[in-house]
Each structure stands twice: as structure tokens, then as C-alpha cells.
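Going by the working numbering, the letters in the sequence shown line up with residues 70 to 520, in that order. Yeah, the Cβ is synthetic: ideal placement off N, Cα and C, and Gly gets one too.
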Amino acid sequence: MEPFRFHLFVCTQQKPEGVPSCASKGSAEVLAALEREIQARGLDNDVQLTTCGCMGLCDEGPVMVVYPEGAWYRRVQPSDAPEIVSQHLREGKPLDRLIWNDASAMKAMSIEHGEHFRQAMAAREKAGTLPDRLNEMIRGFMPSRCVLTALELDIFTAVGDGANAEQVGTRIHANARAAGILLGALVSLGLLAKTGDEYKNTPETARFFVQGSKDNQRNGLLHSANIWHRWSTLTEVVRRGTHIPIDAASTPEWTTNFIAGMQRNSKDRAPLIVKALGTTGVRRILDLGGGSGSYSIAFAKASPEAQCEILDLPEVVPLTTEYVSKAGVAEQVSIRAGDMLHDDFGSGYDIVMLNAICHMFSEEQNLDIFRRARKALAPNGRLVVQDFILNPDKTGLQHAALFSVNMLVGTDAGASYSEVEYASWMKAAGFTEVNRIKLPGPSDLIVGRVK
Ligand SMILES: C[S@@+](CC[C@H](N)C(=O)[O-])C[C@H]1O[C@@H](n2cnc3c(N)ncnc32)[C@H](O)[C@@H]1O
Ligand code: FES
């Protein structure tokens, strides 16, 4: 029994470059076009749209199957989506021009494809070829480096509404030949388009990477470009056991990009955390290392009763002040310059927040912060840690394990920690009730309450 009136399976299989596949023939665009049409026509509740792997008809891709009829479509283009949705999914009439009815030819092609694939795999196995997965992991830095350099040079803004390699080279004060090579690679990565000599931004890069666009995130993304330099020290860091300071990390640009990078993540998460913690009875909040102030801003907006205090380093305070005043909550959010490892926290808080903080510090430093936070809390107050939480054996989840490496190259003694570790520090610091609150996304909350 089908729970939906129609179920569409669109093949989005990726294959090595040069091998025919639905992905290389544009199935992602087909999927997006179908999704848009289905939504636009209000069919979301009747139609289930699912991606699937290779069906063995790769030369005829992008391939799609529609159930319950079991109608096989081939060579589907994004421009076909309106007709497929209006004619097949609304009127129940499959599109003859795209349907492939020749079951025996399809079966023969699929069997032949399967046989070729098995033979190719066996030949690779025999020859000792490095598996694609390992190869891709080893070369994974190449696309990343191209887009980071493009962001550093502000190439997407230089391309603007259209420019050739020479114009881009002049605008970014760089060599035209080298710019041309990078521009070509960016096209191959789907980050630019090229017609004749002219490069253009894609809708995505125009929206997220170009200065002047409402959703431009370049400043925050430059933080990733900055930490690349730290990651380059990883081999030596593992030998030495601690991070190797780099000069760039003490510049005002680095700090501005860092806080913008933090704000990019925190602004959407902050309302989730306010919802998870609730605002009832929450009057005074201490936001340790508040950065862009997103969490204090969200509390202030959610409750006129909430008074928040952000403690952050002196060089960050002017940035925090600007974010808070732009959000229009300066009356409810005060900002104090200081060092949370040494300065007094004050007292009488209902919540002390440590959002994305504990990973910067060692076990001993965190335990000390937790102890001082407990003393700063009013009766029944809560210490809230938000972070990437490792599994007990510290081998996952992957984002938490990789973030731990980010802290290894970026801090004296920071790391990602497990729930067991956070809970044991909270208990040792005198918190009676400790709970983990799972949140959508990569980080969770560990909440400790005092009596
Ligand atoms: C990873 S960011 C998190 C910012 C914010 N809590 C968020 O989640 O968006 C770490 C913050 O802690 C601040 N910080 C680092 N060391 C600190 C210290 N010793 N005392 C006070 N703040 C510190 C940084 O300046 C930065 O704003
Ligand atoms: S890649 Fe889609 S059918 Fe093979």
C-alpha cells in the first residue's frame, strides 16, 4: 500500500568524473525543479519525492521512476518539471515523450551495466587501485582551497553581474592568467557559470558570497579561510602536543571574522535554546564568552523581564556592543570586558550560559569555571553548556571529533568532550541534577541545576 498518491524516485547517483551518471547530467537540478513545482501546486501531502541510487540506465539519465504506476522517465530536464507535475501528478497522465516503455531493452541495459560495473570493480581490485572514497578524502582540500581563496580575494563580488578573466584579475589586483585558471576551477565546482569569455555568479554564490547581497556571509566564512592556516600546522602540532600560535590570529580582522563566523551559527540556534530552556522565572542571565551576543539577544527578545550580562575579552567587546545595539536590546543586555578564567562572575544569576566555550579549555579549566558558575547561581539556577558532544569513546560523531582537531590546532589545551565528562565535572562542582537536552543540529545542551 502506498501512503502517498505518488512516489517519485529520482536517481542522484554520483560517479567518478567522466563516467556517465544521473548526477553529472543534472539530476540535482531536476530534483530541485520537481520540488518547487510540487510545492507551488500544493501537492506536498500527496507526493513523496525521494532520491535513489543507480538504476543501471546511466546513459539515459537523469532517470526517474513514478509509483504506483512504475512509470520510468529518462533524460528528464528541469524544464520538464512543470509538465510532469501538472500532467502526470495532477491529471494522472504520464508524459509519453519522456516515458521509456521498452521493458526488455531497459532490463538488458541494466544487466549489461551491472556486469560492466562488476568487471570494472574486479579489475580495480586486482590492480590494487586506491578506492574512490580514500582518493576523495585525500584530495578533499582542493575544492575547499579554491573556494576559500575565491572568498579571500572576493572573486565572487569581482565577477558581479558578469566579467571576463582579465576584468576579474584587474578588479582583485591579481594576475589575469592565474585568475582565469581559478575561475575555470570554480565553474567546474558549480560555483560560477561561463558563457563565451564571461563568468557569472550562480544564484547561490550571488546570494551568499557577493558584497551588497542581503544574505552575504563572506565575513563569517572568512573565519574558515583563517583557520585553514592553523590546520596546516596539524602534523607538527601532533608531534609537539600543543598548538602553534600564528601571527594572523592576533589581528583585528581575524577577531572580526571569528565573531562574524560565530554569529552565522548562533543567530539561528539561539531561539531554539531559549525555547528548550524556557523563560519562566528567568530574570538574570550571565553569558560567558557571549561573542556576537546572539543568545542574550534571543533571551532579551523572548522575555522583557530578562536582564543579560555578557562577559567577553576586551578586543571583542566593541563588536559585541555593535551586534547588541543593532538588535535593539541594549537596555536589557549589558557587556563587560574581562577574562572568564580569572575574573569574578558576580552572583544571583538564574542561568549561566557557556555556548561554544568549554571546547576552548582544558578539563581543569572547565571544572574551575563550573565551580565558580555554581557559586554565581541563585537557588534553583542552571548552568547551561552548549557544545559538540563526543560519544563516550571519543570516535564520533564525526563533526565533534573533527572539531576536537580544530581545537587541538587552535588552543593550548581545548578539545571536544563527552557527555560523561561534562556530567562528571558538573557533579564535582556541586550540581545536583544534570541532564542532556538534544537539539536539532550539531550541538546539544548539558544542563546542571543547583539546589
Ligand atoms: C567560540 S566563541 C562563542 C561565542 C558565543 N558564545 C556563541 O556561541 O556564538 C568563544 C567566545 O569566547 C570568548 N572568549 C575566549 N576566551 C575568553 C576568556 N578567557 N574570557 C572571556 N571570553 C573569552 C571569545 O572572545 C568568543 O567570543
Ligand atoms: S546513475 Fe542514474 S541510473 Fe545510473
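By the DSSP assignment, the beta strand (DSSP E) with Q455 in it spans what residues? L446 to D456
Quick check on the burial criterion: 16 or more other C-beta atoms within 10 angstroms. Buried or exposed for E129? buried
Looking at the structure shown, is T304 part of a helix, part of a strand, or coil, going by DSSP? The answer is helix: DSSP assigns T304 an H, G or I state.
Is it the case that the region 362–378 contacts the region 395–412, given that we only count it when at least three CB pairs across the two stretches are under 8 Å? yes
To test your reading of the DSSP string, which unbroken beta strand (DSSP E) runs of 3 or more residues are found completely within the region 218–293? 261–264 and 267–270
For L261 versus P212, is the C-beta spacing smaller than 8 Å? Here L261 is not near P212, since their CB atoms are 8 Å or more apart.
Rounded to a whole number of angstroms, what is the C-alpha to C-alpha distance between L126 and T218? Taking the straight line from one Cα to the other gives about 38 Å.
Ligand 1 heavy atom lying under 7 Å from the CB of M495: no
So for R570, helix, strand or coil by DSSP? The displayed coordinates of the chain run from 70 to 520. Any statement about residue 570 would go beyond what the structure contains.
Beta-carbon proximity check, H428 vs A371, cutoff 8 Å: no
Closest residue to F500 among L466, F439 and G87 (Cα-Cα distance): Taking each of L466, F439 and G87 in turn and checking the Cα distance to F500, the smallest one comes out for F439.
Regarding M206 and ligand 1, is the C-beta to nearest heavy atom distance less than 7 Å? no
Is V145 near ligand 2, going by C-beta to nearest heavy atom under 7 Å? no
Tell me whether the beta-carbon of N270 lies closer than 8 Å to the beta-carbon of F225. yes
Alpha-carbon to alpha-carbon, H185 and H298: 44 Å
Taking only beta-carbon atoms, is L291 less than 8 Å away from chain C? No chain C is part of this structure, which consists of one protein chain only.
DSSP puts C80 in a beta bridge; with which residues? Answer is C121, bridged to C80.
Simplified DSSP assignment, three categories, for V114: This sequence places Asn at residue 114; Val is not what is there. Here N114 sits in coil by DSSP.
In terms of alpha-carbon separation, which member of A191, D201, Q280 and L452 lies closest to D419? L452
Should C427 be counted as a contact of ligand 2 given a C-beta to heavy atom distance under 7 Å? no
Between I366 and A339, how many whole angstroms is the CB-CB distance? I'm expecting something under 8 Å. 7 Å
State the Cα-Cα distance for the pair A235 and P511, rounded to the nearest angstrom. A small fix is needed here, since residue 235 is Glu in this sequence, not Ala. A direct Cα-to-Cα measurement between E235 and P511 gives close to 42 Å.
Quickly, what does DSSP pair Q376 with across the bridge? List them, please. R353
Of the residues V135, R74, F73 and A97, which one's Cα is nearest the Cα of Q82? A97
Quick one: Cα of L446 to Cα of S416, how far? 6 Å
For D437, is the beta carbon positioned less than 7 Å from some heavy atom of ligand 1? In this structure, the C-beta of D437 stays at least 7 Å away from each heavy atom of ligand 1.
With a CB to CB cut of under 8 Å and the five nearest residues on each side skipped, what residues in its chain are close to M476? H428, M429, G483, A484 and S485
Considering only residues of the region 124–204, which uninterrupted beta strand (DSSP E) runs meet the minimum length of 3 residues and lie entirely inside it, listed in chain order? 133–136 and 140–142
On the premise that R144 lies in contact with L167, defined as a C-beta separation below 8 Å, what is that separation, rounded to the nearest angstrom? About 7 Å separates the two Cβ atoms, so the contact holds.
Assign L576 to buried or exposed, taking buried as 16 or more other Cβ atoms, counted over all protein chains shown, within 10 Å of its Cβ. Outside the shown range of the chain, which is 70 to 520, sits residue 576, and nothing can be said about it.
Please determine, among N334, G350, Y392 and S90, the residue with the shortest C-alpha to C-alpha distance to C123. S90
Quick check: the Cα distance between G310 and M495, rounded to an integer number of angstroms? 27 Å
Return the first residue and the last residue of the beta strand (DSSP E) that G330 is part of. No beta strand (DSSP E) holds G330; the alpha helix (DSSP H) holding it covers P321 to L346.
Among the candidates P85, V116, N449 and S148, whose CA atom is the shortest distance from the CA of F78? V116
Bridge partner(s) assigned by DSSP for S403: E378
Excluding the five sequence neighbours on either side, which residues of its own chain have a C-beta within less than 7 Å of the C-beta of P151, listed in chain order? E106
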